[in-house]
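Trainee: Residue numbers (this note's numbering), protein chains in the order written: chain B, 446 to 554; chain U, 206 to 319. Beta carbons are placed, not taken as given, at the ideal position from N, Cα and C, and that holds for glycine.
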Amino acid sequence: KNEVEQSPQNLTAQEGEFITINCSYSVGISALHWLQQHPGGGIVSLFMLSSGKKKHGRLIATINIQEKHSSLHITASHPRDSAVYICAVSTGFTDKLIFGTGTRLQVFP
Amino acid sequence: DTEVTQTPKHLVMGMTNKKSLKCEQHMGHRAMYWYKQKAKKPPELMFVYSYEKLSINESVPSRFSPECPNSSLLNLHLHALQPEDSALYLCASSHVGTGDQPQHFGDGTRLSIL
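Written out as structure tokens, the structure is:
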């Protein structure tokens, strides 16, 4: 079993829909990272959080430390949100990240 | 545009060639990383440099040789690669911490081994 699990693996949506991507982890963490990767390209760090909730534009990330679960929400989705979203955690001993397998999101007009 | 610059963007090389991948950042970060990413898979950590010293080597074959000549530059020297080494190679940087610093990624070098 992977230490970081994401669901769903694939997600399609119509423009304007509210989207939720889930991440569960089984190790103790110092921080959880949400990353975005567009096709063929580099990775952008969206959020890093260790508690509570963070918001940036239409993106919201939450984490529940007791339940070892995080969610990434996208409000009013747009085709440009189409990308792979990756959850990663750090255990606090090194700079190494443990990655989830990613969620491939396609938003259609 | 990203703040971590990787060159070249694409590289095709034969199995007997020697080439180098380069990564540069000017954000004052003292931790730098090399990742390998195969299609539809998450990145796999290869190496971490902290304060210009190799701190993590994830049992990477010796045909990959990292180098951190100064705090802004990170190289990955390639020699005698195999076709299975074809992948996207990503560089990242961050402030030194215990995984509690956001990592800034470059756009990657897409490497093809003939």
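CB B:Ser515 to CB B:Ile505, shorter than 7 Å?
Mentor: Sequence index remark: in the first sequence, residue 515 of chain B carries index 70 (1-based). Sequence index remark: in the first sequence, residue 505 of chain B carries index 60 (1-based). Taking 7 Å as the Cβ cut-off, B:Ser515 and B:Ile505 do not qualify as a contacting pair.
Trainee: Let me know if U:His231 comes out buried or exposed under the rule of 16 or more other beta-carbons within 10 Å of its beta-carbon.
Mentor: Locating residue 231 of chain U in the second sequence gives position 26, counting from the first residue. Exposed: under 16 other Cβ atoms inside 10 Å.
Trainee: Look at the alpha carbon of B:Lys500 and the alpha carbon of B:Asp526, and state the distance between them as a whole number of angstroms.
Mentor: Taking the first sequence and counting its residues from 1, the one referred to as residue 500 of chain B is at position 55. Taking the first sequence and counting its residues from 1, the one referred to as residue 526 of chain B is at position 81. Taking the straight line from one Cα to the other gives about 16 Å.
Trainee: Should B:Met493 go down as buried or exposed, given a rule of 16 or more other Cβ atoms within 10 Å for buried?
Mentor: Here residue 493 of chain B is taken as the residue at index 48 of the first sequence, counted from 1. Classification of B:Met493: buried, given that the 10 Å Cβ count is 16 or more.
Trainee: Could you check the C-alpha separation between U:Asn275 and U:Leu316 for me, to the nearest Å?
Mentor: As a first step, residue 275 of chain U is located in the second sequence; it is residue number 70 there, counting from the start. As a first step, residue 316 of chain U is located in the second sequence; it is residue number 111 there, counting from the start. Roughly 24 Å separates the two Cα atoms.
Trainee: Which same chain residues end up closer than 8 Å to U:Pro248 when comparing Cβ atoms and leaving out the 5 residues on each side of it in sequence?
Mentor: Taking the second sequence and counting its residues from 1, the one referred to as residue 248 of chain U is at position 43. Result list for U:Pro248: Tyr240, Lys241, Gln242 and Leu295, in chain order.
Trainee: Could you pull the DSSP bridge partners for B:Ile474 from this structure?
Mentor: Working through the first sequence from its first residue, we reach residue 474 of chain B at position 29. In the DSSP output, where bridge partners are listed per residue, B:Ile474 has none listed.
Trainee: Starting from U:Thr303, find everything on chain B with Cβ-Cβ shorter than 9 Å and list it in chain order.
Mentor: Position 98 of the second sequence, counted from the start, is the residue given in the question as residue 303 of chain U. Chain B residues near U:Thr303: Ser475, Ala476, Ser535, Thr536, Gly537, Phe538, Thr539 and Asp540.
Trainee: For B:Gln551, is the classification buried or exposed, using 16 other Cβ atoms within 10 angstroms of its Cβ as the cut-off for buried?
Mentor: Walking along the first sequence from the start, residue 551 of chain B turns up at place 106. Under this definition B:Gln551 is an exposed residue.
Trainee: Could you name the residues of the stretch 265-280 of chain U whose beta carbon sits closer than 7 Å to any beta carbon of chain B, in the order they occur along the chain?
Mentor: Against chain B - using a Cβ distance shorter than 7 Å - the stretch 265-280 of chain U contributes no residues.
Trainee: Count the CB pairs spanning the stretch 467-476 of chain B and the stretch 449-457 of chain B that are closer than 8 Å, and state whether there are at least three.
Mentor: Cβ pair count under 8 Å is three or more, so yes.
Trainee: Quick check: U:Asp305 and B:Ser490, are their CB atoms within less than 7 Å of each other?
Mentor: Taking the first residue of the second sequence as 1, we reach residue 305 of chain U at position 100. Taking the first residue of the first sequence as 1, we reach residue 490 of chain B at position 45. For U:Asp305 and B:Ser490, no; Cβs fall outside 7 Å.
Trainee: Do U:Ser291 and U:His309 have their CB atoms nearer than 7 Å?
Mentor: Residue 291 of chain U sits at position 86 when you count from the first residue of the second sequence. Residue 309 of chain U sits at position 104 when you count from the first residue of the second sequence. The answer is no: Cβ separation not under 7 Å.
Trainee: In the stretch 225-239 of chain U, which residues sit with their C-beta less than 7 Å from some C-beta in chain B, listed in chain order?
Mentor: So the close ones are Ala236.
Trainee: At a CB-CB cut-off below 8 Å, which residues of chain B make contact with U:Leu250?
Mentor: Taking the second sequence and counting its residues from 1, one reaches residue 250 of chain U at position 45. What U:Leu250 touches in chain B: Lys541 and Leu542.
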